[in-house]
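J.:
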Amino acid sequence: MTARYDPGSIEAKWQRRWAEGSVARVDTAAPGNEFYMLNMYPYPSASRLHVGHGRNYILGDALYRRERMAGRKALNPMGWDAFGLPAENAAIQSGVHPREYTLANIARMKEQLNLLGLLYDWSKELASCDPSYYRWNQWLFLRMWEQGLAYRKTAAVNWCPGCRTVLANEQVVNGRCERSDDLVEIRDLTQWFFRVTDYAERLLAGLDRLTEWPERVKTMQRNWIGRSEGAEIFFRVEALADPIAVFTTRPDTLFGATFLALAPEHPAVAELGARSDRRAAIEDFVEKVRRESRLDREAESGVKEGLDTGFVALNPATGEQIPVWLANFVLPEYGTGAIMGVPAHDQRDFEFARRFGLPVRPVYRTEEGEIDPDAMIAAVPHVGYLCNSGEWDGIPCGPEAVRAAVEWIEAKGLGKGKIGYRLRDWLISRQRYWGTPIPAIHCPRCGVVPVPDRDLPVLLPEDVEFRGAEGNPLEKSKAFVETTCPKCGEAARRETDTMDTFVDSSWYYLRFLNPRDEGRMVDPERAARWMPVDQYVGGIEHAILHLLYARFVCRVLKDLGLVDLEEPFERLFNQGMITKLNPATGKVEKMSKSRGNTVSPDELVARFGADTVRLYTLFIGPPEKESEWSEEGVVGAFRFLNRVHDLCARIAEGAAPGIPEAANEDTPLTRFEHRTIQRVTEDAARFHFHTAVAALMEFQRAISDSVESGSESPAVVARSVRTLVKLLHPIAPHLTEEWWERFGEMPFLLEQPWPEFDPELATTPRVTLVVQVNGKVRGKLDVDRGEDEESAVALARADEKIRPWVEGKEIARSVYVPDRLLNLVVR
RNA sequence: GCGAAAGUGGCGGAACUGGUAGACGCGCAGGUUUCAGGAACCUGUGGGUAAAACCGUGAGGGUUCGAGUCCCUCCUUUCGCACCA
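This is how it looks when you write it as structure tokens:
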């Protein structure tokens, strides 16, 4: 007769007990052995938790519980990235206030997290939409403004005509608005930026010290920052007062520059147009390129469009006149938005030159001699030695040539060495209501004036109509917009842009340490004690967004003297996404609400219990890998927990508390036990709970078998079962707490020390020695550990399975790996 | 195009520094229990053979006593970046 396993009642009971006991709560002010672990924030705007990101939390909780059992005081807080577009869009559609919508979703998410038995320190809970949180966004903004790190400029941004708002880059999918599917336009708007480019070098250099970060993420950040060394060189244009600066990584090819190309967006283009008799053509071209969406401009890579402005520039090295062109392939946001065209040594310039009949002039020659430009079919970026380049002639292609060129250019005052970055400043303005108001006031007399600290927080107004709203609802709130200038006291307009929600999440890990602190943003003493975050768990999707912004803001806070911390997250673990077949597209896609291929964990919890869902989610595969969700195997997890339940029930009869902890008898089951402790401990350390589960399944079977056969003493069995229960706790916490209690043990199993193994007992006295003949497995020997080679060979020769393979043959050599393998090489 | 990761049974996946390939689970097959059903229990399960031999980790080469693991070439898939001067 098997004991009936009823997860529902057990789980409800323990969830209540953990909450009542505040087991997750820690005093962040008190010293101790600290471990700070953080899951990347969820999106409470998502109305339900789905297994795709539930996996984060289940893995995180298992790690957290293991740390607790390992005796470390561990902080595991949860915060809500509560501002954002979805809440506001819901408000526009339904009229429900974004706050209401958000708070309802937070409550629901919280319920679901609790349902899975996840332990968070709710005393540290925070939500970015709470003024006690976002006032510090504003405070930080003002400090950054003082430092010149926050500024306003006019920039080309993504604009969705349907939603009548700017969009973040990540909200643009294939050139279309993620929500309305409208084609996104590029518009010039005056926006607020954070000067992240000032930190490019430090952000790049810091990556080398993040040894516990996945290489993949670091590479993505490096590419995103995109450092390249080169030079800025000035080209005089006859029609213009100021020279045009170009950025190049190949100043060594300056003598080969045969044209100058400007991005149509280049600021000098308007002036050129005004002075040109080709004004209409220039304006048409600019308009045409600008009308192309970014998508088209990128998709048509290869098709290079251009227009000769009719003006000429002077090649500063040769003094020759070269034409000034407009070209669609020159990007306005990189470098200076202008390039020198060196067709012989740059493929893009080559294609452009050939298309428009511009001259090609090689300035490198090969061993065979100079290159015939007419015979070239492609650019030769790296070849031979400089030629036709005055003093530089003869220098081999490479860093040496670049260095020589930079020195020469600087000496002549033609330009200077420069490091270029692909990284652009962080656009933080959003023309939306549901975000942190940017604390600035526009005064007709004083200009843009910061809100004084004493007036913080700038609260979101309540007199706002959302339903069917067009544009930023804040603009229509008189109470909000109409204000007075803090400098001159005259009537002024309040800034209506709000901040990107990534600002919120850039420093929240610090705020968990002092979430109710009214007087300051961060507590430097607690930060010194707890920082950096020991373990950060989250998906790869934040590799260059959140994880880069957080590293940036951390450095800003350091420079402001608020914390002594350069890197916020010491160790990062990227778990793979859960994918699932999307019936709508027929493809296997990342599980997400917007794709409509989600699976809600609470339905599964209702059927099998949270422990089964947790165990199965961890068992599905290695957490760093993407996994396709399937429920085929859930029953296997459920069966296992049933067997554990049954086993516990069998030995619980007559079990007295505290029995067998001391006895470490040398029996087969004891050895199995120690081996299992070792396996589970090591697997958990590298987050491989799927193999830990496999080890526990084997262990359960071994215990059950010895109970069946009566081969082990009750004390040994009792201790083994207790060990099984402890090792299983991070994975299936409810069932294991329940049995720990029924065994008469107290208090929480969560507070029990993680079992330790004896390395000696974690081995077996006898081992299987594999015998190979000429590298092929021909038999196995059961021998004592540490058997020497000579007797192993003798045993092998005598073995009836092996004998036929060696009989009558000469053993040329033997390879012996003690306790593992014997390979006989015969002729 | 550039960069990174990965290809192992019907499926998810094991295999730490080269040393029994396929742990564990699903599925499947046979059996047990049950009025019955099953998400219960037991046994078996890479191909192949009567049993062996033999063949098997994307393909082809190489190093080695021995290769899923190391090296070279190629193929496929996934994910980044994508005219970055």
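The numbering of the first sequence is my numbering, which starts it at 423 and goes up by one.
The beta carbon of each residue, even a glycine, is placed where N, CA and C say it ideally should be.
Note that the structure is a prediction, hence the values are computed from the model and not measured.
Count the other CB atoms, across all protein chains shown, that sit within 10 Å of the CB of Ile799; report buried if there are 16 or more and exposed otherwise.
T.: Its Cβ having fewer than 16 others within 10 Å, Ile799 is exposed.
J.: Which first and last residues belong to the alpha helix (DSSP H) in which Leu481 is found?
T.: 473 to 491 is the span of the alpha helix (DSSP H), which, as asked, contains Leu481.
J.: Just grab the DSSP bridge partners of Phe681 for me.
T.: Beta-bridge pairing links Phe681 to Gly763.
J.: At a cut of 8 Å, does the segment 939 to 946 reach the segment 503 to 518 through at least three beta carbon pairs?
T.: Contact between the segment 939 to 946 and the segment 503 to 518 is absent, because fewer than three Cβ pairs lie under 8 Å.
J.: Out of curiosity, what's the CA-to-CA distance linking Cys976 and Leu987?
T.: Roughly 7 Å separates the two Cα atoms.
J.: Only counting the same chain, and skipping five residues up and downstream in sequence, which positions put a Cβ closer than 8 Å to that of Leu881?
T.: Taken in chain order, the residues that qualify are Pro553, Pro859.
J.: Going by other Cβ atoms of all chains shown within 10 Å of its Cβ, with 16 needed for buried, is Met762 buried or exposed?
T.: With 16 or more Cβ atoms within 10 Å of its Cβ, Met762 is classed as buried.
J.: Fully enclosed by the segment 1178 to 1233, which alpha helix (DSSP H) runs are 4 residues long or longer?
T.: The segment 1178 to 1233 contains these whole alpha helix (DSSP H) runs: 1211 to 1220, 1225 to 1228.
J.: Who does Gln957 pair with in a DSSP beta bridge?
T.: DSSP lists Met459 as partners of Gln957.
J.: Give the list of continuous beta strand (DSSP E) stretches no shorter than 3 residues that lie fully inside the segment 761 to 839.
T.: Correct list: 786 to 788.
J.: What's the C-alpha gap between Val802 and Arg770?
T.: Cα-Cα distance, rounded: 11 Å.
J.: Using the beta-carbon count (16 or more within 10 Å), is His1151 buried or exposed?
T.: Buried.
J.: Buried or exposed for Gln957, please, with buried defined as at least 16 other CB atoms from any protein chain shown within 10 angstroms of its CB.
T.: By the 10 Å Cβ count, Gln957 comes out buried.
J.: Within 10 angstroms of the Cβ of Cys910, are there 16 or more other Cβ atoms? Answer buried if so, exposed if not.
T.: So Cys910 ends up on the exposed side.
J.: If I measure Cβ to Cβ from Glu722 and keep anything under 7 Å in the same chain, skipping five residues before and after, which residues do I get?
T.: Residue confidence is low: Glu722 scores 48 on pLDDT, short of 50, so the model does not pin down where it sits. Its coordinate-derived value is still stated next. Counting only Cβ-Cβ distances below 7 Å, and skipping sequence neighbours, we find nothing.
J.: Ends of the alpha helix (DSSP H) at Ala509?
T.: Per DSSP, Ala509 belongs to the alpha helix (DSSP H) from 507 to 516.
J.: Would you call the segment 957 to 967 and the segment 425 to 444 touching, i.e. three or more CB-CB distances under 8 Å?
T.: They do not touch, by the three-pair rule.
J.: Could you pull the start and end residues of the alpha helix (DSSP H) that Trp558 belongs to?
T.: 553 to 568 is the span of the alpha helix (DSSP H), which, as asked, contains Trp558.
J.: Can you tell which of Arg993, Gly1018, Glu693 has its C-alpha closest to the C-alpha of Pro1005?
T.: Comparing Cα-Cα distances from Pro1005 to each of Arg993, Gly1018, Glu693, the minimum goes to Gly1018.
J.: Can you check which of these residues, Glu892, Glu897, Pro874, is closest to Glu884 by C-alpha distance?
T.: For the residues Glu892, Glu897, Pro874, the minimum Cα distance to Glu884 belongs to Glu897.
J.: Using alpha carbons as the reference points, say which of Thr1092, Leu1146, Gly1055 lies closest to Cys1070.
T.: The option with the nearest alpha carbon to Cys1070 is Leu1146.
J.: Between Trp635 and Glu992, what straight-line distance do the alpha-carbon atoms span, to the nearest angstrom?
T.: C-alpha separation (whole angstroms): 8 Å.
J.: Just verifying my parser: in three-state terms, what is the DSSP assignment at Thr731?
T.: Here Thr731 sits in strand by DSSP.
J.: The alpha helix (DSSP H) that contains Gly695, what's its start and end?
T.: Note, Gly695: alpha helix (DSSP H), 690 to 697.
J.: Among Glu522, Ala1214, Arg854, Glu510, which one has its Cα closest to the Cα of Leu1203?
T.: Cα-wise, what sits closest to Leu1203 is Ala1214.
J.: Per DSSP, Asp375 is paired with what?
T.: Here the chain covers residues 423 to 1249 and nothing more, so residue 375 does not appear.
J.: Excluding sequence positions up to five away, which residues of its chain have a Cβ less than 8 Å from the Cβ of Ala1117?
T.: Cβ within range, chain order: Thr1098, Arg1101, Val1102, Asp1105.
J.: Using the C-alpha atoms, what's the distance from Gln560 back to Pro745?
T.: One C-alpha to the other measures close to 49 Å.
J.: Who are the near neighbours of Cys907 in its chain, counting only those whose CB is closer than 8 Å to its CB and skipping five residues on each side?
T.: Once the five neighbours on either side are set aside, the close Cβ partners of Cys907 are Ile863, Cys865, Arg867, Cys868, Val871, Ala913, Ala914.
J.: Under a three-way DSSP split, which group does Ala661 fall into?
T.: Coil.
J.: So Ala766 packs on Pro795, CB below 8 Å; how close in whole Å?
T.: Indeed they touch by this definition, with Cβ atoms about 6 Å apart.
J.: Can you tell me where the alpha helix (DSSP H) holding His864 begins and where it ends?
T.: Here His864 belongs to no alpha helix (DSSP H); instead the beta strand (DSSP E) covers 862 to 865.
J.: Do Arg617 and Gly648 have their C-beta atoms within less than 8 Å of each other?
T.: No; because the gap between Cβ atoms is not below 8 Å, this pair is not in contact.
J.: If you follow the beta strand (DSSP E) that Lys1047 is part of, which residue opens it and which one closes it?
T.: No beta strand (DSSP E) contains Lys1047, which DSSP labels as neither H nor E.
J.: Have a look at Ala823 and Lys840 and give me their C-alpha separation to the nearest angstrom.
T.: Rounded to whole angstroms, Ala823 to Lys840 spans 15 Å at the Cα level.
J.: Specify whether the segment 1026 to 1038 and the segment 1119 to 1128 touch according to this definition: at least 3 beta carbon pairs, one from each stretch, less than 8 Å apart.
T.: Contact between the segment 1026 to 1038 and the segment 1119 to 1128 is absent, because fewer than three Cβ pairs lie under 8 Å.
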